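Undergrad: Encoded as structure tokens, here's the structure I'll be asking about.
There are 2 protein chains.
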Amino acid sequence: MTSISQLEYAIAVDTHRHFARAAKACHVTQPTLSAQLAKLEDEIGVILFDRSAQPIVPTSEGLAILSQARIVVAEFRKIAAIASGAANEVAGELMVGVIPTVAPYLVPLFLEDFSRAHQKLKIDVREMTTAQITEGLAREIIDVGILAIPVEGINFSTRFLYREPFYLYANKSHQLAQRKKVKGDDIDGKDLWLLEEGHCLRGQVLQACQIKGRKPALANVRFESGSVETLKQLVRQGIGYTLIPHLAIGEDDDVKVISFEEPMPARDIGLMFRREQLKKPATEALEKSIQKMLPRSLTKLAKDAIGLAVRNQNEQN
Amino acid sequence: MTSISQLEYAIAVDTHRHFARAAKACHVTQPTLSAQLAKLEDEIGVILFDRSAQPIVPTSEGLAILSQARIVVAEFRKIAAIASGAANEVAGELMVGVIPTVAPYLVPLFLEDFSRAHQKLKIDVREMTTAQITEGLAREIIDVGILAIPVEGINFSTRFLYREPFYLYANKSHQLAQRKKVKGDDIDGKDLWLLEEGHCLRGQVLQACQIKGRKPALANVRFESGSVETLKQLVRQGIGYTLIPHLAIGEDDDVKVISFEEPMPARDIGLMFRREQLKKPATEALEKSIQKMLPRSLTKLAKDAIGLAVRNQNEQN
DNA sequence: TAAGTAGATAGAAAAATTCTATATGATGAA
DNA sequence: TTCATCATATAGAATTTTTCTATCTACTTA
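This is the structure:
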């Protein structure tokens with residue numbers, strides 16, 4: 000008889016990628032875990048892990064089973080939650096992954112309010128790329144991600160949070176700084192500071208400016224940075240310009256922030272979590288808190304003024 | 000330790016409303032079932048059944064637990080199905096709800112292919128408003144909805160299917176018919192045929208044209224219809240124009256179909272289902288079939304040409 | 001009140017899970 | 001090569017859980 004504990008052992012091995020540590024996490028000895036996992040594999044007729052690899056990895060067939068096992072265990076635990084009346088309680092621990100081009104601007108907005116409102120919840124926020132968020136959700140290392148949607152992935156669900164327009168951020172000495180408004184065509188890549196490869200915002204910016212088809216090597220792009228704040232700093236200190244999302248607008252003297260013509264290019268930011276939603280109450284509370292604390296400057300933007308939600312398939316994070 | 004069998008016993012008692020018969024169905028003796036059920040009730044701290052009634056009935060608290068127990072057991076059984084390779088079998092019954100402004104154009108595209116590809120699946124498609132789809136999913140009357148996303152609703156998940164631009168559909172005699180391209184500003188509502196209230200497309204069109212703030216009574220709008228085909232017929236037969244989604248483009252002589260300037264206004268169409276996704280294989284097969292059968296005229300549209308995904312919060316369907 | 005029905009309880013038997021101790025096998029450093 | 005070291009598997013005893021048979025209690029109804 001395959002049991003819930005057997006599933007838990009398998010999940011722990013998937014999470015820790017190490018029998019002894021997985022066993023410790025399950026409060027059993029390593030032989031117990033080994034034996035039960037072997038029994039599980041025997042019963043379902045599928046080898047879940049490739050023990051020859053170091054560290055061990057799930058087999059391709061094992062991946063599907065493990066994903067389903069996580070669902071079963073999550074649903075199983077809900078029974079106790081329902082029974083104890085804690086099903087709708089916001090408590091426990093919530094691990095949140097946030098992409099780097101959102102984190103520094105969004106997290107300070109909601110974190111204090113959210114933490115105050117839910118004292119029983121231990122909150123852990125970390126900056127992660129889109130790829131890390133996807134992987135982290137799959138292995139239950141994080142509970143929820145905040146990233147640019149849509150994202151591919153059959154095992155995940157997303158919730159739209161807000162649509163965030165892009166703005167031109169140009170040094171006052173730059174010719175574009177004289178403009179009242181700009182459009183994508185105005186930006187040909189000359190003097191444009193970009194985030195380095197791996198940031199989804201990079202792809203979104205390239206799309207917004209309709210610079211495409213010459214993805215890997217943009218001869219006319221002069222430097223690539225790892226954070227939006229660095230790009231802003233570069234613009235502040237010299238020539239050139241960049242594109243920044245709405246929440247990254249600050250108050251800078253030597254710099255002009257110029258809107259795009261309507262409909263403004265934008266990206267959609269949303270929550271992402273596993274389909275079975277292990278921490279539903281906390282996730283919903285998080286969504287509410289973010290919605291509540293979003294600046295009016297963003298939420299009050301006319302719905303028809305921001306239209307373009309960039310979908311970039313290739314670049315991630 | 001609460002076990003899967005304990006849940007099965009409880010479910011059997013709920014189904015048979017009789018301990019001895021439930022025990023027989025579970026291939027155990029009545030004392031075994033009695034003891035395990037008592038153990039379960041003790042462990043979760045909830046009395047599941049009122050034994051004083053004849054036949055026994057679940058307690059009110061028991062109902063929620065039993066519902067969750069059914070989910071756990073169903074998900075648990077999927078493990079064996081996945082392991083044996085039968086998990087991806089598309090079989091059983093799939094009830095689909097489709098909004099009226101999508102149904103007549105999309106359903107004929109995929110239904111034959113889908114039905115041929117999955118002979119073991121009984122397919123039932125019906126036209127429903129967004130509100131009916133939401134309600135139907137919640138009450139498990141339908142398994143999946145096809146509608147304009149995003150949609151509010153915490154218990155549901157959506158899958159993006161395609162972004163569908165809008166086009167101006169104008170009688171050749173109309174002045175706008177001379178234009179090569181149009182933009183939202185060009186359309187002030189004069190001579191514009193609209194769907195009646197309750198169709199989400201109505202709100203999407205109003206947004207795309209940036210006609211807003213005078214929602215309830217548009218003095219300059221002359222007539223309101225219940226279907227896109229009726230609007231097209233009106234345009235074909237006389238003066239005026241309307242906005243139609245990409246898939247509604249036909250081949251009409253007296254009419255011009257005019258693109259919007261880029262980025263074209265558009266709506267997102269997606270699948271919607273319960274978070275638990277009881278019929279995953281069939282739903283995924285449906286998604287695949289739709290993606291496969293979407294006309295290239297839609298899928299080949301440059302990603303950066305269609306940008307505007309209208310989000311209308313108020314109007315439904 | 002006796003017979004019948006439904007579910008609970010007791011105690012033994014069977015099955016399963018877990019433990020400690022140890023074996024095997026792979027990797028890497030002396 | 002050889003000897004640690006680390007990671008997982010195996011063996012066998014101890015413990016826990018589940019199930020069984022037999023029987024009891026409570027309630028109904030003829």
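As you go down the protein sequences, you meet chains W and A in turn. Under numbering that gives the first Met the number 0, the residues of the first sequence are numbered 0 to 316, in order. Under numbering that gives the first Met the number 0, the residues of the second sequence are numbered 0 to 316, in order. Using N, Cα and C, we set each Cβ at its ideal position, and we do this for glycine too. None of the values given here were measured: they were computed from a predicted structure.
(1) Between which two residues does the beta strand (DSSP E) carrying P244 (chain W) extend?
(2) Under 8 Å Cβ-Cβ, which residues of chain A neighbour A82 (chain W)?
(3) So, with DSSP's three-state summary, where would you put D142 (chain A)?
(4) Three-state secondary structure (DSSP) at G269 (chain A)?
(5) Do we get a CB-CB distance below 8 Å when we pair K77 (chain W) with the residues of chain A?
(6) At which residue ranges does the stretch 85-165 of chain W contain complete alpha helix (DSSP H) runs of 4 or more residues, listed in the order of the chain?
(7) So, using beta-carbon positions, are F48 (chain A) and S33 (chain A) closer together than 8 Å?
(8) Of all the options W:R16, W:V27 and W:K38, which has the alpha carbon lying nearest to the alpha carbon of A319 (chain W)?
(9) If you drop the 5 nearest sequence neighbours on each side, which residues of the same chain put their C-beta closer than 8 Å to that of P54 (chain W)?
(10) With a threshold of 8 Å, are at least 3 pairs of Cβ atoms found where one atom belongs to the stretch 145-152 of chain A and the other to the stretch 276-284 of chain A?
(11) To which residues of the same chain is S258 (chain A) closer than 7 Å at the C-beta, ignoring the five residues directly before and after it?
(12) Report yes or no: is there a C-beta of chain W within less than 8 Å of the C-beta of Q360 (chain A)?
(13) Helix, strand or coil for K214 (chain A), going by three-state DSSP, please let me know.
(14) Under 7 Å Cβ-Cβ, which residues of chain A neighbour F159 (chain W)?
(15) With H, G and I counted as helix, E and B as strand and the rest as coil, what does DSSP make of A169 (chain W)?
(16) Check the DSSP bridge columns for I257 (chain W) and list the partner residues they point to.
(17) Are L297 (chain A) and Y161 (chain A) closer than 8 Å when you measure CB to CB?
(18) Does the count of Cβ pairs from the stretch 121-134 of chain W and the stretch 95-112 of chain W closer than 8 Å reach three?
(19) Output needed in chain order: residues of the stretch 160-174 of chain W with a Cβ under 9 Å from some Cβ in chain A.
(20) Going by beta-carbon coordinates alone, are V12 (chain A) and F75 (chain W) separated by less than 8 Å?
(21) DSSP has D49 (chain A) in a bridge; who is on the other side?
(22) Could you check what DSSP says for M0 (chain A) in three-state terms: helix, strand or coil?
(23) Measuring CA to CA, which of A:L230, A:D252, A:E40 and A:I10 is closest to L242 (chain A)?
(24) Start and end of the alpha helix (DSSP H) containing E283 (chain W)?
(25) Return the CA-CA distance between T321 (chain A) and H117 (chain A), expressed in angstroms with no decimal places.
(26) What do you reckon, are the CB atoms on T58 (chain W) and I43 (chain W) nearer than 8 Å?
(27) Give the single residue among W:P294, W:P107, W:R295 and W:E283 whose Cα lies nearest to the Cα of A90 (chain W).
(28) Note down the Cα distance separating A86 (chain W) from E92 (chain W), rounded to an integer number of angstroms.
(29) Would you say S288 (chain A) faces chain W, with C-beta separation under 8 Å as the test?
(30) Measuring alpha carbon to alpha carbon, tell me which of W:E260, W:R235 and W:E163 ends up nearest E250 (chain W).
(31) In angstroms with no decimal places, state the Cα-to-Cα distance between T14 (chain A) and A21 (chain A).
(32) Sort A:A176, A:I132 and A:S66 by Cα distance to K77 (chain W) and report the nearest one.
(33) Buried or exposed, going by whether 16 or more other CB atoms sit within 10 Å of the CB of G237 (chain A)?
(34) Within 10 Å of its beta-carbon, does A169 (chain A) have 16 or more other beta-carbons around it, so buried, or fewer, so exposed?
(35) To the nearest angstrom, how far is the alpha carbon of K255 (chain W) from that of K171 (chain W)?
TA: Looking at the atomic coordinates:
(1) Y240 to P244
(2) I43, G44, V45, E60 and I64
(3) coil
(4) strand
(5) yes
(6) 102-116 and 129-137
(7) no
(8) Look at the range of chain W in this structure, 0 to 316, and you will see that residue 319 (chain W) is not part of it.
(9) Taken in chain order, the residues that qualify are R16 and H17.
(10) Output reads no: the stretch 276-284 of chain A does not touch the stretch 145-152 of chain A.
(11) Y166 and K180
(12) Any answer about residue 360 (chain A) is impossible in this case: the structure gives chain A only from 0 up to 316.
(13) The pLDDT assigned to K214 (chain A) is 40, lower than 50, so where the model puts this residue is not dependable; a value taken from the coordinates is nonetheless given after this. Here K214 (chain A) sits in coil by DSSP.
(14) When 7 Å is used as the limit between beta carbons, F159 (chain W) is near these residues of chain A: P149, in chain order.
(15) strand
(16) W:L167
(17) yes
(18) yes
(19) Of all residues in the stretch 160-174 of chain W, only R162 come within less than 9 Å of chain A when Cβ atoms are compared, listed by chain position.
(20) no
(21) A:V56
(22) coil
(23) Of the listed residues, the one whose Cα sits closest to L242 (chain A) is A:L230.
(24) K279 to M292
(25) Coverage of chain A is limited to positions 0 through 316, which leaves residue 321 (chain A) absent and any answer about it impossible.
(26) no
(27) W:E283
(28) 14 Å
(29) Cβ-Cβ to chain W under 8 Å: no for S288 (chain A).
(30) W:R235
(31) Separation of T14 (chain A) and A21 (chain A) (C-alpha to C-alpha, rounded to the nearest whole angstrom) is 8 Å.
(32) A:S66
(33) Answer is exposed; the Cβ neighbour count stays below 16.
(34) buried
(35) Linking K255 (chain W) to K171 (chain W) through their CA atoms gives a straight-line distance of about 6 Å.
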